[in-house]
Amino acid sequence: MSTDTSVPHPRISGLDASDSALLTTLLREAPIGFALFDTDLRFKRANDTLARMHGVNVADLEGGRAAEVIPGELGGVIEASARKALEEDRTVADVDLSLGDRHWAHSWFPTHTAEGEVSGVVMVAVDVTDRVLAERSIRRKEERYRSLVEASSQVVWVTTPAGEVVDDAPEWRAITGQTHEEYATEGWLGAVHTEDRPRIEETWHACVANDRIFEATYRIRTRAGGYRNYDVRAVPIRRDGEIVEWVGANTDVTGKREAEEMRGRLTEQLSAAALRTARLQQATSMLAEALTVNQVVSVITEVGRSAIGADRSAVALLEEDKLRLRMITPGGIPELPGPAREEIGIDGASVMSIAVRERRPFLAENPVSLRLQLRGDEIADFVRRTDERAWVGLPLLAAGRALGALRFSFTRPREITEEERVFLEALAGQCALAVERATLFEREHKTAEALQRSLLPDRLPQLPPIRLAARYHPATRHVQVGGDWYDAFPIGDGRVAIAIGDVMGKGVKAAAGMGRVRNALRALALNDPRPSAVITGLDRLFAATEGWEQITTLAYAVIDPATGEGSISNAGHLPPLRILPDGPPRVSTAEAGTPLGWPSEREETSFSVPPGNTVVFYSDGLVENRRRGLDAGLDEIVSIAAAAPSEVLADPEILVDFLVDRMLAGYDHDDDVTVLALHVPPKTA
1 MSTDTSVPHP
11 RISGLDASDS
21 ALLTTLLREA
31 PIGFALFDTD
41 LRFKRANDTL
51 ARMHGVNVAD
61 LEGGRAAEVI
71 PGELGGVIEA
81 SARKALEEDR
91 TVADVDLSLG
101 DRHWAHSWFP
111 THTAEGEVSG
121 VVMVAVDVTD
131 RVLAERSIRR
141 KEERYRSLVE
151 ASSQVVWVTT
161 PAGEVVDDAP
171 EWRAITGQTH
181 EEYATEGWLG
191 AVHTEDRPRI
201 EETWHACVAN
211 DRIFEATYRI
221 RTRAGGYRNY
231 DVRAVPIRRD
241 GEIVEWVGAN
251 TDVTGKREAE
261 EMRGRLTEQL
271 SAAALRTARL
281 QQATSMLAEA
291 LTVNQVVSVI
301 TEVGRSAIGA
311 DRSAVALLEE
321 DKLRLRMITP
331 GGIPELPGPA
341 REEIGIDGAS
351 VMSIAVRERR
361 PFLAENPVSL
371 RLQLRGDEIA
381 DFVRRTDERA
391 WVGLPLLAAG
401 RALGALRFSF
411 TRPREITEEE
421 RVFLEALAGQ
431 CALAVERATL
441 FEREHKTAEA
451 LQRSLLPDRL
461 PQLPPIRLAA
471 RYHPATRHVQ
481 VGGDWYDAFP
491 IGDGRVAIAI
501 GDVMGKGVKA
511 AAGMGRVRNA
521 LRALALNDPR
531 PSAVITGLDR
541 LFAATEGWEQ
551 ITTLAYAVID
561 PATGEGSISN
571 AGHLPPLRIL
581 PDGPPRVSTA
591 EAGTPLGWPS
601 EREETSFSVP
611 PGNTVVFYSD
621 GLVENRRRGL
631 DAGLDEIVSI
641 AAAAPSEVLA
651 DPEILVDFLV
661 DRMLAGYDHD
671 DDVTVLALHV
681 PPKTA
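Under full-length UniProt numbering, residues 1 to 685 are what the sequence shown spells out, in order.
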């Protein structure tokens, strides 16, 4: 809405009858406040809108000064502005004044006689509440965006469509030490390493000229005078098809680059042992796919044994108290006499304990060497009864911190060469990093799964005769919580509400969105359980609180357990699977609506589950993955349901496990899987 309140200088005198009637109508009907002051700054005319603004009558205003007849401080402000317009013979425009919860833009215009002399002042007040609220909303969004940027590890900068600096970047200047003037002149390019700048500058200008996304890695001079490596990505922001600015984000990748350089130096040191280098690279590749500690141990022991011809291998990890080693591979600690033990003290006499305690490789090429290094009757007893004749112990160190030990043994005396020693130390280093990552993965995966499950219902209501069963399986290829969820709960009239949804994405944002939708759905359902009403309410919630990019689908149904009759509404979710006792299973062909928050008239359809029928709701993780498309997955679940034995179809608990096991067999599911089955047993005689 325009707030331009400029009007031609009014001429009050000399109005004919039609002009007078028009002015009277304008004063009475216009949705703006209007007043005319004489040269003594007293009200000559005022309309009802202005009087209502200040809670007085028009008659109360006429003949009085603003400071006398308008309550509060506003009267003084209005009179002072009118005096300024009168004395300086100029317009005083767009002074925002708040009246209660409304905001008005006031402007004052000097009026003139036919001879050009100032004869008074006209005041116009326009309601700009919508504009003010919109500006406040934009400021709040900008503040949230700024806080998010400051809290992240990225540094954001903005340029004009031509690539020139437009806004200051305090975070960037804090890193580089640039002054405000330096940044305003050269921008982020001023801190780029002199060797990198020609290449980066040329690429940047080419991207700006050709409207291409800019991506690069370069070195930045820091405030301390050193250099750090940064990845940068800048994208054009368009409005009405035209680029209005460029927004870039820089990420410090120095640690990553240093780690890459360290691995490169390690590879160069092993260049003389080509075969072992290849095997080390193979181990690295295999470890990248190893997610659990047991998988890491399996890779390391196999690669190590094949590379140096070891007969046995073992891995032990330090317990949290740092006083004990716990064996990961089966068989216990092998060089101790008596029954195999899974744990030993760190101060014990063994190949692995001494490697961890002294943080160095332990090498014993024969039993004599072992007895000299590990003195004691227990070691002599061990040597007499074992067929092992040479040993290697390697500490698993990550950033100087001991995680455990790696052990290889041979059934013949064996001298470890310097090349083999370098290889084994490198292998142990890779093992330590992989073990640390796998330990973190297992811990985070358990935490993520626990968080996800805590957001799902503890148990499903069982309202005879219907029976409900559900399963949630977290993805195997990530540790972040997801947005899949299901719910079932009774509503006040004896019916039960059933919902299954999917908030797209991973991590805290998806989990938080899932929690908001679930809680809002329950609240709406208790007020008006009709599916169309609930989903319409969720649409309003999304329009008010969620971003348009947060895609969320939902299927919501209400059913009467006594009759099996109900209704359903679908907001972009996958169609339910219906399993019939006297016909083939089929996927619902009813057209799904749009996801939550997208403009759509919500409709609900009848939803009947007669005795003997089962309806299965599910998320896309069950039917779709990187190797199987959605259409193929829907066909497959129908085929699997058709082949299910009758005893499986009669029990929803067995049915959901049956469908999940067979749909996921042979696939690495990289998305969460949620399944909810509703079964109505057949009537008995």
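For every residue, glycine included, the Cβ atom is placed at its ideal position computed from N, Cα and C.
Item                                                                                                                                  : Value
Counterpart residues of histidine 103 in DSSP-defined beta bridges                                                                    : Ser98
Residue of Leu676, Pro682, Glu418 minimising C-alpha distance to aspartate 484                                                        : Leu676
The region 103-122 contacting the region 28-43, beta-carbon criterion three pairs below 8 Å                                           : yes
Contacts around valine 296, its chain only, beta-carbon distance under 7 Å, and the 5 residues preceding and following it disregarded : Leu287, Ala290, Cys431, Ala434, Val435, Ala438
Reference valine 660, options Val648, Val673, Trp172, closest by Cα                                                                   : Val673
Cutoff 7 Å; reference valine 587; Cβ partners in own chain excluding five residues on either side                                     : Pro575, Leu577, Leu634, Val638
Alpha-carbon spacing of residue 686 relative to valine 244, whole angstroms                                                           : Since the first residue of the chain shown is 1 and the last is 685, residue 686 is not available in this structure.
contact_flag[the region 656-670, the region 607-624] where n(CB pairs < 8 Å) is 3 or more                                             : yes
Helix, strand or coil at leucine 569 [DSSP, three-state]                                                                              : One point to set straight first is that residue 569 is serine, not leucine, in the sequence displayed. Looking at serine 569 - three-state DSSP - the assignment turns out to be strand.
Where serine 532 sits in the DSSP three-state scheme                                                                                  : helix
Extent of the continuous alpha helix (DSSP H) run through aspartate 127                                                               : Here aspartate 127 belongs to no alpha helix (DSSP H); instead the beta strand (DSSP E) covers 118-127.
Reference aspartate 582; option with closest CA among Pro682, Ala125, Leu133, Phe37                                                   : Pro682
Short Cβ contact (9 Å threshold) for leucine 397 with leucine 403                                                                     : yes
With 16 other Cβ atoms within 10 Å as the buried cut-off, status of histidine 180                                                     : exposed
Candidates Val368, Gln373, Trp104: closest to alanine 355 by CA position                                                              : Gln373
Proline 236 (DSSP reduced to helix, strand or coil)                                                                                   : strand
Delimiting residues of the beta strand (DSSP E) encompassing isoleucine 220                                                           : 214-221
Buried or exposed (CB count within 10 angstroms, at least 16 for buried), serine 353                                                  : buried
When Asn250, Thr203, Thr185, Arg173 are compared against alanine 224, the one with the closest alpha-carbon                           : Arg173
Beta-carbon proximity check, residue 700 vs isoleucine 78, cutoff 9 Å                                                                 : With the chain covering only 1 through 685, there is no way to say anything about residue 700.
Cα-Cα separation between leucine 538 and aspartate 101, rounded to whole angstroms                                                    : 28 Å
The region 364-373 in contact with the region 315-330 per 3-pair CB rule at 8 Å                                                       : no
Simplified DSSP assignment, three categories, for serine 369                                                                          : helix
Opening and closing residue of the alpha helix (DSSP H) in which asparagine 210 lies                                                  : 197-210
Rounded straight-line distance, which links the Cα of isoleucine 551 to that of arginine 238                                          : 22 Å
Where serine 6 falls: helix, strand or coil (DSSP)                                                                                    : At serine 6, the pLDDT of 45 sits below 50, so the modelled position is not reliable; the number obtained from the coordinates is stated separately. Coil.
Outcome for alanine 59 when other beta-carbon atoms lying within 10 angstroms are tallied against a minimum of 16                     : exposed
Under the three-state DSSP convention, the category tyrosine 556 falls into                                                           : strand
Phenylalanine 489 to leucine 460 span [Cα, whole Å]                                                                                   : 7 Å
Cβ pair glycine 515, leucine 455 closer than 9 Å                                                                                      : yes
Contact check, asparagine 613 vs isoleucine 579, beta carbons under 9 Å                                                               : yes
Alanine 642 beta carbon less than 9 Å from that of proline 585                                                                        : yes
Residue(s) in a DSSP beta bridge with histidine 679                                                                                   : Arg467, Thr614
Aspartate 89 versus threonine 176 - alpha carbon distance                                                                             : 52 Å
Lysine 322 (DSSP reduced to helix, strand or coil)                                                                                    : coil
Element boundaries [alpha helix (DSSP H), containing valine 293]                                                                      : 293-308
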